[in-house]
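This report concerns only the one structure given below.
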Amino acid sequence: MRDQQRLDSGAVASPKDLESLQREIVSLAKRQGDLEDIVLDVMERRESVQERVGELTARVTAVQAKTDDATARRDEAQAGLDAESASVTKDREAVAAVIPADFLKLYEKLRVQQGGVGAARLYQRRCEGCRLELNITELNDVRAASADAVLRCENCHRILIRTSESGI
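Letter 160 of the sequence shown, counting from 1, is numbered 543 in the working numbering, and no numbers are missing.
Structure representation (structure tokens):
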């Protein structure tokens, strides 16, 4: 701008200086145009990035809400499981108090060996622990056993619990 004022005022008398000044003004105008284009491009990219940030922020908020909901449901379920576990433990202790110690020891040993299940129901001639049907010899042994006898599956060695649905 200052160079343009010098050119317009006639303060530059030398044709060589005048030509040099005109070239510099054209060069600076071109440079200014290039810089303005760069600024516009940066502003457009900035606007695009701000839109993307808005979208991502909304997604993060939605995911956080889902996470919070899932966490609350998990905590509620955990509290229910803890309460159920306490109740079952209390019931188990009451039952374990009236079971003979040697039988309870056998059950605990089997429970550890069999992944948490030491006894299984005999249902329609099938052990519910290993899901295998007892052979005729085993069924005859079960039929002949007294009601208070401890019977075990020949396949998985769990204690067999006889019911009216045992099929014997």
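Note that CB positions come from ideal geometry on N, CA and C, so glycine has one too.
Measure how close the beta-carbons of residue i and residue j come, nearest whole angstrom, since I'm counting them as under 8 angstroms.
i	j	result
Cys-544	Leu-505	Inspection of the sequence shows that residue 544 is occupied by Ile rather than by Cys. 6 angstroms between Cβ atoms; contact.
Arg-479	Leu-487	The sequence as given places Ala at residue 479; Arg does not occur at that position. At roughly 6 angstroms, the Cβ-Cβ gap stays under 8 angstroms, so Ala-479 and Leu-487 are in contact.
Ser-510	Ala-502	According to the sequence shown, residue 510 is Cys rather than Ser. Contact doesn't hold; Cβ gap of about 10 angstroms is too wide.
Gln-497	Cys-536	Contact doesn't hold; Cβ gap of about 10 angstroms is too wide.
Around the Cβ of residue i, are there at least 16 other Cβ atoms within 10 angstroms (buried) or fewer (exposed)?
i	result
Glu-521	buried
Leu-493	buried
Give a yes or no on whether the C-beta atoms belonging to residue i and residue j are separated by under 7 angstroms.
i	j	result
Arg-508	Leu-517	yes
Val-500	Gly-512	yes
Next item on the list: Run through the region 458–544 for me and flag every whole beta strand (DSSP E) of 3 or more residues, listed as ranges in chain order.
Entry: 502–506
Check: In chain order, which continuous runs of the beta strand (DSSP E) of length 3 or greater are located wholly inside the region 393–442?
Finding: none
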